[in-house]
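Everything below concerns the one structure shown next.
2 protein chains.
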Amino acid sequence: MSDAKALFQPLEPAPAYKRLCQAIEDEIMAGRLKPGDLLPTETALAEAFALNRSTVREGIRLLEQSGLAERIAGRRLAVARPSTKALGRRASQALVLHDVTFRELWQVIAALEPAAAAYAAEVRSDADLKALKDNLEASEEAKGDGRALTELDLAFHELVAKAAHNRALLLAREAVGQLFYPAFAVVVTRLDTAAERLLTAHRAIAEAIERGDGEEARGWMQRHIEDFHRGYLLVGLDPEQPIASVNQQDAG
Amino acid sequence: MSDAKALFQPLEPAPAYKRLCQAIEDEIMAGRLKPGDLLPTETALAEAFALNRSTVREGIRLLEQSGLAERIAGRRLAVARPSTKALGRRASQALVLHDVTFRELWQVIAALEPAAAAYAAEVRSDADLKALKDNLEASEEAKGDGRALTELDLAFHELVAKAAHNRALLLAREAVGQLFYPAFAVVVTRLDTAAERLLTAHRAIAEAIERGDGEEARGWMQRHIEDFHRGYLLVGLDPEQPIASVNQQDAG
DNA sequence: TGACTATGTTTGTCGGACAATTGGACTATC
DNA sequence: GATAGTCCAATTGTCCGACAAACATAGTCA
């Protein structure tokens with residue numbers, strides 16, 4: 003039994019619409035279809051693959067959803083690169099459905115963010131730096147408004163990651179970053195010292211990045227992330243609960 | 003012009019098949035549809051949404067591709083959690099299409115793997131440990147076979163991540179880990195010292211995890227990852243080239 | 001009881017059809 | 001000559017109806 007399973011491949015008994023999707027996907031991954039290239043029209047595809055247009059359309063939906071193709075100018079279908087945002091959204095969604103806990107997410111950003119800060123200090127551009135400073139300024143003004151400050155904090159961290167000029171890093175943290183929103187909002191809102199500590203850390207990180215001091219940036223970011231964890235505990239939330247339940251948890 | 007873009011939202015007259023997908027997705031994310039639940043049949047959905055079955059089928063394809071639904075027993079459609087494997091595959095694909103470089107991927111791994119090793123040392127189960135030891139044993143025997151050793155190395159790192167019992171971490175590294183395969187194969191094959199160094203590191207990591215010594219595990223893992231980077235350079239590959247081009251690069 | 005068959009259900013695929021939208025060519029107006 | 005309006009062809013979104021194959025179930029037969 004197990005031998006047979008190892009011996010024989012699935013032999014492609016997939017429905018036609020899946021095979022069509024796979025075929026186009028292969029063309030894209032092989033580089034024969036480049037991002038931006040227009041795909042044939044549905045009727046043309048139907049003819050080429052000897053399938054009905056309905057079937058072709060189903061296959062196209064798969065491509066569309068995987069981000070490998072998108073409607074250009076509302077109409078024609080063009081090859082595209084899956085966007086970081088969309089992928090991050092999918093990943094976040096999946097993590098929520100898997101009841102991922104705060105601890106799990108925190109451990110990931112605790113690993114990624116300090117690294118991002120360090121690399122940012124090494125390779126940031128002037129535009130990156132300006133964006134960080136603008137964010138700092140806005141944060142100073144939003145010090146009282148928990149909701150706004152939360153969004154600015156998330157934005158700050160994303161800007162740091164962008165400054166590191168590393169798309170893999172950006173994608174990885176995008177997936178987990180968004181999920182912290184509710185948790186962070188609770189901490190910032192309930193802990194009156196949180197806003198000031200946050201700003202201190204952000205200022206220090208931005209400054210270290212400006213000076214090009216990677217180790218300093220890494221260290222501040224690490225403490226900043228650990229601070230978040232402490233805040234989460236102080237506010238009375240349980241790190242072992244699914245992140246999706248933050249709204250329900252009694253954080254009184 | 004730029005004002006108009008900021009003023010007006012897209013207004014979202016999305017096609018029916020997208021709205022259907024969104025509607026079901028919302029039900030899932032709200033928890034009213036749980037993983038495992040059977041979705042209505044296509045005809046039932048068509049009736050419920052007052053759409054044609056063809057249109058419903060297009061919407062279903064979107065759900066299917068996003069991993070939120072899958073065919074159970076070949077036929078009926080059931081709510082599902084997007085699998086880590088599938089998500090990782092999509093992410094890998096996206097990274098390749100974005101011409102992500104070795105450097106970018108390596109920086110992510112360099113941040114994640116040491117953390118994974120440290121956490122693994124703290125929370126690993128006996129089964130995790132056994133899997134690691136089995137892998138070590140197999141690796142000893144495959145010392146000569148570059149191809150096999152490459153696969154075993156990737157497996158070892160995945161086992162470490164699994165031992166950390168952190169699904170977010172697992173997902174993040176899955177996306178980048180697979181992409182290293184060709185790069186790693188080249189290094190192991192061309193550098194005759196690589197196999198031995200690799201085994202030494204793996205042994206030390208496994209031992210530290212067994213002892214529950216997180217810092218030791220982290221340290222060894224970190225050096226192990228840095229070693230990989232050195233090997234990549236020694237073999238003559240350029241870290242700033244897209245990872246997808248490893249096969250083309252002259253690594254002589 | 002267990003194997004077998006009949007039947008209805010559900011999906012995969014097909015063919016054709018039509019309205020709405022869009023891009024482009026063409027024309028009219030200032 | 002540039003702009004606006006008009007028309008036409010192409011393309012997509014949606015619908016309708018149909019049928020074969022795979023499957024689940026119940027009923028049948030040994």
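Protein chains in written order, with the working numbering: chain A, 3 to 254; chain B, 3 to 254. Ideal Cβ positions, reconstructed from N, Cα and C, are used throughout, including at glycine. As the structure is a prediction and not an experimental result, all values here were calculated from the model.
Requested in this report: Kindly identify the DSSP beta-bridge partner or partners of A:Val110.
Outcome: In the DSSP output, where bridge partners are listed per residue, A:Val110 has none listed.
Requested in this report: Starting from the Cα of A:Ala174, find the closest Cα among A:Ala48, A:Ala50, A:Met31, A:Leu114 and give me that residue.
Outcome: Comparing alpha carbon positions, the residue from A:Ala48, A:Ala50, A:Met31, A:Leu114 closest to A:Ala174 is A:Leu114.
Report task. Determine, using beta carbons only, whether B:Gln109 comes closer than 9 Å to chain A. Result -> Yes - at least one Cβ of chain A is within 9 Å of the one on B:Gln109.
Query - Members of the stretch 200-225 of chain A near chain B, C-beta cut-off 7 Å - result: Those residues of the stretch 200-225 of chain A that come within reach of chain B (Cβ to Cβ, closer than 7 Å) do not exist; the list is empty.
Query raised in the report: Count the other CB atoms within 10 Å of the CB of A:Arg34; is the residue buried (16 or more) or exposed (fewer)?
Result: It is exposed - the Cβ of A:Arg34 has fewer than 16 other Cβ atoms within 10 Å.
Query raised in the report: Under three-state DSSP, which class holds A:Gln243?
Result: The answer is coil: DSSP assigns A:Gln243 none of H, G, I, E or B.
Report task. With DSSP as the reference, label B:Thr45 as helix, strand or coil. Result -> It is helical.
Report task. Indicate the three-state DSSP secondary structure (helix, strand or coil) for A:Ala16 in the structure shown. Result -> The answer is coil: DSSP assigns A:Ala16 none of H, G, I, E or B.
Query raised in the report: Is there at least one Cβ from chain A nearer than 9 Å to B:Gly61's Cβ?
Result: Yes - at least one Cβ of chain A is within 9 Å of the one on B:Gly61.
Requested in this report: Give every residue of the same chain whose Cβ lies closer than 7 Å to the Cβ of A:Ala37, excluding the five residues on either side of it in the sequence, and list them in chain order.
Outcome: Note that residue 37 of chain A corresponds to Pro in the displayed sequence, not to Ala. Leaving aside the five residues that flank A:Pro37 on each side, the residues in its chain whose CB is nearer than 7 Å to its CB run, in chain order, Val81, Ala82, Arg83.
**Report entry** Nearest-angstrom Cα separation, counted from A:Val162 out to A:Arg126
**Finding:** Near 9 Å, if we compare the C-alpha coordinates of A:Val162 and A:Arg126.
Requested in this report: Quick one: list the residues of chain B neighbouring A:Arg169, beta-carbon separation under 8 Å, in chain order.
Outcome: Among the residues of chain B, those whose CB is under 8 Å from the CB of A:Arg169 are Leu97, His100, Val102, Glu106, following chain order.
Query raised in the report: How should A:Thr202 be labelled, buried or exposed, when 16 other C-beta atoms within 10 angstroms of its C-beta is the threshold for buried?
Result: The C-beta of A:Thr202 has fewer than 16 other C-beta atoms within 10 Å across all chains shown, which makes the residue exposed.
Query raised in the report: Given a threshold of 16 other Cβ atoms within 10 Å of its Cβ, counted over all protein chains shown, does B:Glu242 qualify as buried or as exposed?
Result: With fewer than 16 other CB atoms across the displayed protein chains lying within 10 angstroms of its CB, B:Glu242 is exposed.
Query - Amino acids of chain B, ordered along the chain, whose beta-carbon sits closer than 8 Å to that of A:Tyr121 - result: Correct list: Gln109.
Report task. Let me know the secondary structure DSSP gives B:Thr195 once reduced to three states. Result -> The answer is coil: DSSP assigns B:Thr195 none of H, G, I, E or B.
Query - DSSP bridge partner residues for A:Ala80 (one or two, in chain order) - result: A:Ala80 pairs with A:Leu40, A:Glu72.
Query - Interfacial residues, the stretch 33-55 of chain B to chain A, with Cβ spacing under 8 Å - result: Listed by position, the residues of the stretch 33-55 of chain B near chain A (Cβ gap below 8 Å) are Pro37.
Query raised in the report: By the criterion of Cβ-Cβ separation under 8 Å, what are the contact partners of B:Ser127 in chain A?
Result: Close to B:Ser127, with beta-carbon spacing below 8 Å, lies no residue of chain A; the smallest spacing is near 16 Å.
Requested in this report: Report yes if the CB atom of A:Leu40 is closer than 9 Å to the CB atom of A:Ile74, and no otherwise.
Outcome: Yes.
**Report entry** Whole-number beta carbon distance between A:Leu64 and B:Gln67, since they are thought to touch under 8 Å
**Finding:** At roughly 5 Å, the Cβ-Cβ gap stays under 8 Å, so B:Gln67 and A:Leu64 are in contact.
Query - Cα-Cα separation, A:His226 to A:Arg205 - result: When rounded, the separation of the alpha-carbon atoms in A:His226 and A:Arg205 is 11 Å.
Query raised in the report: Quick one: which chain A residues come within Cβ less than 7 Å of B:Ser68?
Result: Contacts between B:Ser68 and chain A, judged by CB atoms closer than 7 Å, involve Gln67, Arg92 in chain order.
Report task. Within the same chain, show all residues whose beta-carbon is closer than 6 Å to that of B:Thr191, passing over the 5 residues directly before and after it, in chain order. Result -> Closer than 6 Å at Cβ, skipping near neighbours: Gly148.
Query raised in the report: Comparing the C-beta of B:Lys7 with each C-beta of chain A, is any distance below 9 Å?
Result: With a pLDDT of only 39 at B:Lys7, under the threshold of 50, the placement of this residue in the model should not be trusted, and no figure is reported.
Requested in this report: Starting from A:Pro184, find everything on chain B with Cβ-Cβ shorter than 7 Å and list it in chain order.
Outcome: Residues of chain B with a Cβ closer than 7 Å to the Cβ of A:Pro184 do not exist; the shortest Cβ-Cβ separation is about 14 Å.
Query raised in the report: At least one CB of chain B closer than 9 Å to the CB of A:Arg77: is that the case?
Result: False, the Cβ-Cβ gap to chain B never drops below 9 Å.
Query raised in the report: Who are the neighbours of A:Arg232 on chain B, taking C-beta pairs under 7 Å?
Result: Result: empty, since nearest Cβ-Cβ is about 19 Å, beyond 7 Å.
Requested in this report: Could you tell me which residues DSSP pairs with A:Thr103 in its beta bridges?
Outcome: Residue pairing by DSSP puts A:Thr103 in a beta bridge opposite A:Pro244.
**Report entry** Neighbour list for B:Val178 in chain A, Cβ cutoff strictly below 7 Å
**Finding:** Residues of chain A passing the Cβ test: Ala170.
Query raised in the report: Is the shortest distance between the beta-carbon of A:Arg83 and the beta-carbons of chain B less than 9 Å?
Result: Closer than 9 Å to some Cβ of chain B, the Cβ of A:Arg83 qualifies, so yes.
**Report entry** Segment limits, alpha helix (DSSP H) that includes B:Val178
**Finding:** From DSSP, the alpha helix (DSSP H) with B:Val178 extends over 169-179.
Report task. Might you give, ordered along the chain, the residues of its own chain that have their beta carbon closer than 7 Å to the beta carbon of A:Ala133, omitting 5 neighbours on each side? Result -> Only Leu161 meet the Cβ criterion.
**Report entry** Nearest residue (CA-CA) to B:Tyr183, options B:Tyr234, B:Ala165, B:Lys164, B:Asp128
**Finding:** Looking only at B:Tyr234, B:Ala165, B:Lys164, B:Asp128, the smallest Cα-Cα distance to B:Tyr183 is reached by B:Tyr234.
Query raised in the report: Of all the CB atoms in chain A, is at least one closer than 9 Å to the CB of B:Ile30?
Result: For B:Ile30, at least one C-beta of chain A is nearer than 9 Å to its own C-beta.
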